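There are 2 protein chains.
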Amino acid sequence: MVFSYDQLYQFTFSVFKSIGCSDEHARTATTGLIAADIRGIDSHGVARLTGYVRLWEAGRVNATPDIRIVHETPSTAVVDGDAGLGLVVAPFAMQVAIDKAKNVGTGWVSVRNTNHFGIAGHHAMMALEHDMIGMAMTNASALVAPTFSIERMLGTNPIAVAIPADKQPAFVADFATTTAANGKLEILQRKNADTPLGWVQDKEGKESTDANILKKQGALLPLGSDREHGSHKGYALGSIVDIFSAVLSGASYGPWAPPFPAYVPMPENMPGKGLGHFFGAMRVDAFRPADEFKQHMDNWIQRFRSAKPAEGHEKVLIPGDPEREMETIRMKEGIPLVESVVADLKEVADKFSLKF
Amino acid sequence: MVFSYDQLYQFTFSVFKSIGCSDEHARTATTGLIAADIRGIDSHGVARLTGYVRLWEAGRVNATPDIRIVHETPSTAVVDGDAGLGLVVAPFAMQVAIDKAKNVGTGWVSVRNTNHFGIAGHHAMMALEHDMIGMAMTNASALVAPTFSIERMLGTNPIAVAIPADKQPAFVADFATTTAANGKLEILQRKNADTPLGWVQDKEGKESTDANILKKQGALLPLGSDREHGSHKGYALGSIVDIFSAVLSGASYGPWAPPFPAYVPMPENMPGKGLGHFFGAMRVDAFRPADEFKQHMDNWIQRFRSAKPAEGHEKVLIPGDPEREMETIRMKEGIPLVESVVADLKEVADKFSLKF
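Protein sequence lines correspond, in order, to chains C and E. Its first residue numbered 2, the first sequence is counted upward by one per residue in this note's numbering. Its first residue numbered 2, the second sequence is counted upward by one per residue in this note's numbering.
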């Protein structure tokens with residue numbers, strides 16, 4: 002079934018209102034969540050709305066958080082999210098980073114006691130209208146085995162970097178530090194299809210193509226897949242995200258990161274509070290005049306877009322191109338949702354006596 | 002043949018003196034260069050000394066640079082390296098980042114008009130003794146084809162991140178944003194061996210195992226190897242390094258990055274000056290008390306080191322472990338150099354009437 006942006010927005014907004022969010026928080030959370038659907042990251046949009054509701058029911062999400070700065074310097078801050086929705090905490094923290102960048106050139110904010118924040122790119126992109134480079138990352142439920150290990154120690158820990166250009170659209174990279182994100186497995190599960198080799202391993206660390214392997218104690222693999230192809234680099238990247246997001250802020254890190262599914266018990270002896278995020282904003286004119294920078298970004302983008310394509314490929318893409326193209330299509334033609342997601346949303350509607 | 006640290010240090014120092022470096026610059030350059038040999042990154046150490054000398058002979062390296070800050074804010078700076086050795090320019094710029102972090106919590110420095118800086122990790126590690134997180138990256142000669150392309154557009158563009166711990170050794174990640182670094186190909190060339198699939202492609206973009214393929218218009222592949230295994234993520238990472246290092250600073254970027262081999266002509270219509278680097282320093286106590294942070298880093302490191310290993314593997318490694326272990330061995334047993342490197346160094350010795 003296909004829904005318009007406005008339909009999904011109204012429904013999602015009313016669900017966030019139903020769990021007790023203020024109008025302002027419900028608007029912020031809705032915009033952040035649906036940004037995923039619009040940009041084609043179907044795994045992180047309204048498909049997760051029931052998951053957020055269940056976390057609220059389990060008492061793990063606070064719908065009326067007192068989000069605040071607990072420590073700061075001119076260019077840094079630690080924010081405590083008071084167990085709020087990451088979708089609400091993240092824009093607050095990113096705004097702190099932007100404000101600090103206005104004052105001293107850059108701003109860097111590590112966040113504790115928060116929850117999943119939707120797609121990282123949405124938050125990083127907040128910097129663009131200020132002629133700033135934006136960065137966003139987060140740790141997440143442990144599903145990834147480090148190189149040489151069979152134990153799940155890290156989340157898919159995404160990194161997003163948004164860089165403004167002049168006439169060209171912005172450069173927006175947003176990627177999990179694994180070979181494949183968990184959402185890709187979910188899509189294959191629905192189709193009853195196998196994964197390519199190099200995405201996952203089984204519980205003994207052997208190669209596997211089973212899209213359901215995470216339910217059998219298997220693990221996702223770090224970007225690079227195996228040692229020979231650089232998985233130690235993906236493992237290092239995921240670790241850096243974990244440390245910047247959670248060790249710097251006082252959140253729970255590594256295998257102790259709180260799980261997203263509300264039915265999974267919380268880890269014992271957690272070394273910090275909730276999930277962690279990390280945000281950065283750099284004013285480009287803290288380095289060189291903004292116009293000059295953005296004109297060179299145009300030149301960079303045009304040069305890379307015109308790189309000679311390999312046979313069978315029409316053109317070389319710039320990070321952010323596919324999501325932006327999808328956004329144009331979906332704002333016009335609507336957002337398709339698979340049956341299982343529609344059924345989930347109907348259940349949520351019934352729970353709160355809403356229409357869907 | 003095996004050489005002691007002191008032997009290589011004295012010789013390298015006298016070579017840098019011979020091209021006209023001051024005592025201080027020669028010491029800095031020597032320490033940086035040999036850090037690679039000591040840590041086992043043989044491709045980036047004295048094996049490159051003749052390359053640096055040739056760049057000086059070609060007039061591309063200035064042995065007496067006036068390195069200076071050309072723009073700054075409280076947390077940022079742009080440094081012009083005056084075409085100096087990257088080995089000298091990089092520690093200058095990293096020190097600027099550290100000084101800014103002392104004042105406002107973090108410091109971020111983009112560098113133009115510079116040259117290759119040896120191993121990124123050496124510069125990032127300067128932050129550790131100040132209880133800071135250090136970061137270093139650089140762009141480099143274009144050898145890497147973006148996903149879907151057959152054109153070499155990016156360098157192997159490494160990223161290093163050094164994070165202090167308390168009783169545990171520091172976390173030090175230092176990696177090329179390609180599946181395999183160029184140095185790995187050089188090692189296979191000497192052995193007349195093939196590469197694994199997924200490291201390189203031929204000039205038509207087809208898969209290849211030819212370790213000499215870069216001499217035949219082939220290209221290195223971004224981390225992830227192919228689209229299905231996330232090469233678009235490695236391509237994005239390499240691009241971010243290029244933009245932070247060169248577009249922010251006014252250096253030459255992408256396919257216009259100056260080539261390391263002095264016999265390769267400079268690209269036409271270069272959009273900036275020389276190579277670019279980017280450095281960062283974050284005071285950990287700009288986020289939480291340093292002792293607290295470092296104790297949690299100890300806990301993080303111990304937990305990851307004790308992750309269940311896969312069959313056939315003794316233990317899980319922490320980024321920086323292999324290089325630190327190598328350093329212990331080589332400081333004791335010396336640094337082995339292959340014959341071709343020894344021959345190269347003898348030639349340099351003759352050129353400057355030095356003993357080797």
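C-beta atoms are modelled at their ideal positions from N, C-alpha and C, and glycine is treated no differently. Owing to the predicted nature of the structure, the values given are computational and were not obtained by experimental measurement.
Checklist line | Cβ-based neighbour list, M67 (chain E), same chain, cut-off 8 Å, excluding 5 preceding and 5 following | finding: Sequence check: residue 67 (chain E) is Asp here, not Met. Result list for D67 (chain E): D83, in chain order.
Notebook entry, point to check: Cα-Cα, which of C:C22, C:E25, C:T31, C:K18 is closest to L9 (chain C)?
Noted result: Per the Cα distances, C:T31.
Check: Does DSSP classify I358 (chain C) as helix, strand or coil?
Finding: In the structure as shown, chain C begins at 2 and stops at 357. Residue 358 (chain C) is therefore absent and cannot be evaluated.
Notebook entry, point to check: Does the beta-carbon distance from A258 (chain E) to A141 (chain E) come in below 8 Å?
Noted result: In contact: A258 (chain E) and A141 (chain E) (Cβ atoms closer than 8 Å).
Next item on the list: Return the residue from the list E:V79, E:H123, E:A121 that minimises the CA-CA distance to G108 (chain E).
Entry: Ranked by Cα distance from G108 (chain E), the options E:V79, E:H123, E:A121 are led by E:V79.
Notebook entry, point to check: Are there three or more Cβ pairs, one per stretch, closer than 8 Å when the segment 336 to 356 of chain E is compared with the segment 174 to 187 of chain C?
Noted result: Contact fails: fewer than three Cβ-Cβ distances are below 8 Å.
Checklist line | With 16 other Cβ atoms within 10 Å as the buried cut-off, status of M154 (chain E) | finding: Its Cβ being crowded by 16 or more others within 10 Å, M154 (chain E) is buried.
Checklist line | Pick from C:F245, C:T196, C:I160, C:E205 that is closest to H123 (chain C), judged by C-alpha positions | finding: Per the C-alpha coordinates, the member of C:F245, C:T196, C:I160, C:E205 positioned closest to H123 (chain C) is C:I160.
Next item on the list: Note down the Cα distance separating Q96 (chain C) from V90 (chain C), rounded to an integer number of angstroms.
Entry: Roughly 10 Å separates the two Cα atoms.
Check: Three-state secondary structure (DSSP) at R113 (chain E)?
Finding: R113 (chain E): strand per DSSP, three-state reduction.
Check: With distances taken between CB atoms, is the gap from P268 (chain E) to Y254 (chain E) smaller than 8 Å?
Finding: It is not a contact, given that the beta carbons lie outside the stated cut-off.
Item checked: Contact set between the segment 234 to 246 of chain C and chain E, restricted to residues whose Cβ is under 9 Å from the partner -> Residues are counted here when their Cβ sits less than 9 Å from a Cβ of chain E; for the segment 234 to 246 of chain C these are K234, G235, Y236, A237, L238, S240, I241, D243, I244, F245, given in chain order.
Item checked: Rounded C-alpha distance that separates L215 (chain C) from I302 (chain E) -> Cα-Cα distance, rounded: 25 Å.
Notebook entry, point to check: By the 10 Å Cβ neighbour count, where 16 or more other Cβ atoms means buried, how is K101 (chain C) classified, buried or exposed?
Noted result: For K101 (chain C), the number of other beta carbons within 10 angstroms of its own is at least 16, and it is reported as buried.
Checklist line | Partners in chain E for E269 (chain C), counting only beta-carbon separations shorter than 8 Å | finding: Chain-order list of chain E residues neighbouring E269 (chain C): empty, with the shortest C-beta distance near 13 Å, by a criterion of under 8 Å.
Next item on the list: Measure the C-alpha to C-alpha separation of A121 (chain E) and D7 (chain C) and round it to an integer number of angstroms.
Entry: Here the alpha carbon of A121 (chain E) sits roughly 48 Å from the alpha carbon of D7 (chain C).
Checklist line | C-beta neighbour in chain C for E324 (chain E), strict 8 Å | finding: Using a CB distance cut-off of 8 Å, E324 (chain E) does not count as an interface residue toward chain C.
Notebook entry, point to check: What's the gap between the Cα of R113 (chain E) and the Cα of L88 (chain E)?
Noted result: Cα to Cα, R113 (chain E) sits roughly 14 Å from L88 (chain E).
Next item on the list: Starting from G335 (chain C), find everything on chain E with Cβ-Cβ shorter than 7 Å and list it in chain order.
Entry: None at all; the shortest Cβ gap to chain E is about 27 Å.
Check: By Cβ distance below 7 Å, which residues in the same chain neighbour V317 (chain E) in space, the five residues on each side in sequence not counted?
Finding: Result list for V317 (chain E): F305, R306, A308, P310, in chain order.
Check: When Cβ atoms are compared, which residues of the segment 289 to 310 of chain E fall closer than 7 Å to chain C?
Finding: Within the segment 289 to 310 of chain E, the residues whose Cβ lies closer than 7 Å to some Cβ of chain C are R289, F294, H297, M298, N300, W301, R304, F305, A308, K309, P310, listed in chain order.
Next item on the list: Determine the extent of the beta strand (DSSP E) in which G184 (chain E) is found, giving its start and end residues.
Entry: Secondary structure note for G184 (chain E): it is in no beta strand (DSSP E), and the uninterrupted alpha helix (DSSP H) holding it is 183 to 192.
Next item on the list: Counting only the same chain and skipping the five closest in sequence on each side, list residues whose C-beta sits under 7 Å from that of I99 (chain C).
Entry: Hits under 7 Å: G108, M127, A128, H131, M133, A282.
Item checked: Residues sharing a beta bridge with D81 (chain E), DSSP -> D81 (chain E) pairs with E:R69, E:R113.
Next item on the list: Please check if any C-beta of chain E sits within less than 8 Å of the C-beta of I151 (chain C).
Entry: By this cut-off, I151 (chain C) is an interface position.
Margin query: I'd like the list of long-range same chain contacts for S111 (chain E), defined as Cβ closer than 6 Å, with 5 residues on each side in sequence excluded.
Written below: By the criterion of a C-beta distance shorter than 6 Å, S111 (chain E) is surrounded in its chain by V79, L249, S250, F279, once the five residues flanking it on both sides are discounted.
Next item on the list: Mind reading off the beta-carbon distance from L34 (chain E) to V47 (chain E)? Whole number of angstroms is fine, and I expect it under 8 Å.
Entry: About 6 Å; that satisfies the 8 Å criterion.
Next item on the list: Buried or exposed for S209 (chain C), please, with buried defined as at least 16 other CB atoms from any protein chain shown within 10 angstroms of its CB.
Entry: Taking every protein chain shown into account, the CB of S209 (chain C) has 16 or more other CB atoms within 10 angstroms, so this residue is buried.
Margin query: Any beta carbon from chain C within less than 8 Å of V317 (chain E)'s own beta carbon?
Written below: V317 (chain E) counts as touching chain C.
Notebook entry, point to check: Thinking C-beta only, is F357 (chain E) closer than 8 Å to F12 (chain E)?
Noted result: Contact flag set, yes.
Next item on the list: Would you mind telling me which residues of chain B sit closer than 9 Å to G87 (chain E), beta carbon to beta carbon, in chain order?
Entry: No chain B appears in this structure, whose protein chains are C and E.
Checklist line | Same chain, Cβ closer than 8 Å to T157 (chain C), neighbours up to 5 away in sequence not counted | finding: The answer, listed in chain order, is A141, L144, V145, A177, T178, T179, A182, N183, L221, G239.
Next item on the list: Return the chain-ordered list of same chain residues with a C-beta closer than 7 Å to the C-beta of A27 (chain C), the five sequence neighbours on each side being excluded.
Entry: So the qualifying residues of the chain are F14, F17, K18.
Notebook entry, point to check: Residues in the segment 75 to 107 of chain E with C-beta within 9 Å of chain C's C-beta atoms, listed in sequence order?
Noted result: Listed in sequence order: P75, S76, T77, A78, V79, K101, A102, N104, V105, G106, T107.
Checklist line | Interface residues of chain C facing A37 (chain E) [CB-CB closer than 8 Å] | finding: Within 8 Å Cβ-Cβ: nothing; A37 (chain E) doesn't reach chain C, min ~18 Å.
Next item on the list: Output yes or no for whether 8 Å exceeds the beta carbon distance between E312 (chain E) and G206 (chain C).
Entry: Taking 8 Å as the cut-off, the beta carbon of E312 (chain E) is found closer than this to the beta carbon of G206 (chain C).
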